[in-house]
Amino acid sequence: RGPTQARFRYGLFIRRETRRRSQSTGSTSGAHGSDAHEEMVAVASFSARRHITRGGHKYRSHELIRYCSKRGTSVVGAISKLIKAFAREMAPDDIVTVIDRNWGSGVGWNSL
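Each residue of the sequence shown is one higher than the one before, starting from 1 at the first, in full-length UniProt numbering.
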């Protein structure tokens, strides 16, 4: 069958002015400057819908294929925001993913 292909891609963007203000003052509140350009800081890709039968019931299932954030950047809550946006638009019964336990236990996924 081959590798799963990404069908849907979701990005999380911030205004560049917000990023500069955050780095210099530690605050992201207040009015933005005149620079309204946005910068992608995180992205997630999802597979096309698959109909999976479990226990005699059909489920609309998608796979989270990949998530990453901009190099050197930690985006708090980014993965949950991207998954919520995808779930709101596609209404899957479940979303599955694969983890490499050489890099961690995967316990963080339980909260999502």
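Quick reminder that beta carbons are idealized off the backbone N, C-alpha and C, glycines included.
Here the structure is a predicted model, which means the values were calculated and not measured.
Residue i bridges to which residues according to DSSP?
| i | result |
| --- | --- |
| Ile14 | Glu39 |
| Arg66 | Ser45 |
| Asp94 | Ser61 |
Look up residue i in the DSSP assignment and say whether it is helix, strand or coil.
| i | result |
| --- | --- |
| Lys58 | strand |
| Arg9 | strand |
| Val107 | helix |
| Ile99 | coil |
| Arg71 | coil |
Considering only the beta carbon of each residue, do residue i and residue j sit closer than 8 Å?
| i | j | result |
| --- | --- | --- |
| residue 113 | Glu38 | In the structure as shown, the chain begins at 1 and stops at 112. Residue 113 is therefore absent and cannot be evaluated. |
| Ala42 | Ala78 | yes |
| Arg49 | His57 | no |
| Ile65 | Ala6 | yes |
By a C-beta neighbour count over all protein chains shown, 10 Å radius and 16 as the cutoff for buried, is residue i buried or exposed?
| i | result |
| --- | --- |
| Ala44 | buried |
| Arg54 | exposed |
| Leu12 | buried |
| Ile83 | buried |
On a Cα-Cα basis, can you pick out the residue from the options that is closest to residue i?
| i | options | result |
| --- | --- | --- |
| Leu112 | Ser105, Ser80, Ile65 | Ser80 |
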